[in-house]
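In our numbering, the protein residues as written are 15 to 261. Every residue gets a Cβ at the ideal spot worked out from N, C-alpha and C, and that includes glycine. The structure displayed is predicted, hence computed values, not measured ones.
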Amino acid sequence: MRTALITGATSGFGEAASRLFTAAGWRVIGTGRRADRLEALAKELGDDKFHPAVFDIRDEAARDAALDNLPEAFRGIDLLVNNAGLALGTHTAQTADLGNWKVMIDTNVTALVSITHKLLPLLIERKGAVINLSSVAATYPYLGGNVYGGTKAFVHQFSLSLRSDLAGTGVRVTSIEPGMAETEFTLVRTGSQDASDKLYGGADPMTAEDIAGMILWVASLPPHLNINTMEMMPVNQSFAGFAVHRA
Ligand code: NDP
Ligand code: 8X3
């Protein structure tokens, strides 16, 4: 039985992936700040299959306290799914809140790098894998995407660079880059359920289960195969044109 550590398992992709991975026979360590949600998942999935690890991903001491004291059965981590992350705000750069920018960088970049660094020796020992959640925002800029897009571009390039460094170790690295998927993402970004409903309304967006299925597919490929990057969108989402300002 293999073990996956899935960050951000309290909602969206991470919660759906926790269900799919345990159903597919994996053990899952699910992380997040909302203890009640992780406890509910442990109850639903069984505490022999799902271990809740409650910590803020930016808090290295709390993370280490949780991960250095895992129950024996969950210690052999074969897969790190770096999924915890967020966008905050939709303002243009010139009106954006600097505090929001720092939270996005601390969460999407610094914490992701730090947990990856911590687990790499174990992943190398076990010829494991890293699956990082980037975004279409890494490649296609949009108004108000500024620092969020920047963090996801970092995740994309960090994933490719990791592959370079890990050549010969057997460790696989994938950057998954979704477009619009309805989760709590837009509620967190805007603080408004109404704004979230309006964004996804009529768009037939991807679902958390769609993305979780792709994460599981990547993780289940034979060990000689590495998906480097994987980008997906709902059919109803496409590319915008260039903007031209005329005086
Ligand atoms: P959700 O908001 O539904 O889930 C985000 C998860 O991240 C939650 O479990 C949350 O847990 C966790 N998280 C956020 N901040 C922290 C923190 N400081 N410490 C610990 N956990 C944290 O969003 P999604 O499922 O949609 O997003 C998952 C990933 O996918 C993100 O990295 C996002 O950027 C990316 N993505 C999302 C897309 C979309 O359209 N939905 C498209 C492309 C990429 P808690 O709040 O309990 O701590
Ligand atoms: C977020 C993707 O398309 O909602 O990572 O901006 S999108």
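- Query: Looking only at DSSP bridge pairs, what is residue 93 linked to?
  - Reply: Position 79 of the sequence shown, counted from the first residue, corresponds to residue 93. Residue 93 is bridged to 18, 143.
- Message: Beta-carbon within less than 8 Å of residue 105's beta-carbon, same chain only, minus the 5 sequence neighbours each way: which residues are those?
- Response: Within the sequence shown, the letter at position 91 stands for residue 105. Counting only Cβ-Cβ distances below 8 Å, and skipping sequence neighbours, we find 111, 158.
- Query: Thinking just about the alpha-carbon of each residue, which of 90, 184, 36, 31 is nearest to the one in residue 228?
  - Reply: For the purposes of this step, residue 228 is taken as the residue at position 214 of the sequence shown. The option with the nearest alpha carbon to residue 228 is 31.
- Task: Can you grab the Cα-Cα spacing for the pair residue 270 / residue 258, in whole Å?
- Result: This structure leaves residue 270 out entirely; the chain is present only between 15 and 261.
- Leaving out five residues before and five after residue 20 in sequence, what residues of the same chain have Cβ atoms less than 8 Å from its Cβ? Residue mapping note: residue 20 aligns to position 6 of the sequence shown, counting from 1. Hits under 8 Å: 28, 31, 32, 35, 42, 43, 44, 45, 95, 97.
- Residue span of the beta strand (DSSP E) that contains residue 186, given as start and end: To locate residue 186, count along the sequence shown from 1; it is residue 172. From DSSP, the beta strand (DSSP E) with residue 186 extends over 186–192.
- Measuring alpha carbon to alpha carbon, tell me which of 25, 61, 49 ends up nearest residue 40. Against the sequence shown, residue 40 aligns to sequence position 26. Closest option to residue 40, Cα to Cα, is 61.
- Query: Between the stretch 204–216 and the stretch 231–243, are three or more C-beta pairs nearer than 8 Å?
  - Reply: no
- Message: At a threshold of 7 Å, does residue 38 count as lining ligand 2 (C-beta to nearest heavy atom)?
- Response: For the purposes of this step, residue 38 is taken as residue 24 along the sequence shown, with counting starting at 1. Residue 38: no, Cβ never under 7 Å from ligand 2.
- What does residue 68 pair with, by DSSP beta-bridge criteria? Numbered from its first residue, the sequence shown carries residue 68 at position 54. Partner(s): 46.
- Which of helix, strand or coil does DSSP assign to residue 98? If you number the sequence shown from 1, residue 98 lands on position 84. Coil at residue 98, not helix or strand.
- Residue span of the alpha helix (DSSP H) that contains residue 228, given as start and end: Taking the sequence shown and counting its residues from 1, one reaches residue 228 at position 214. It spans 222–234 - the alpha helix (DSSP H) in which residue 228 sits, taken as one unbroken run.
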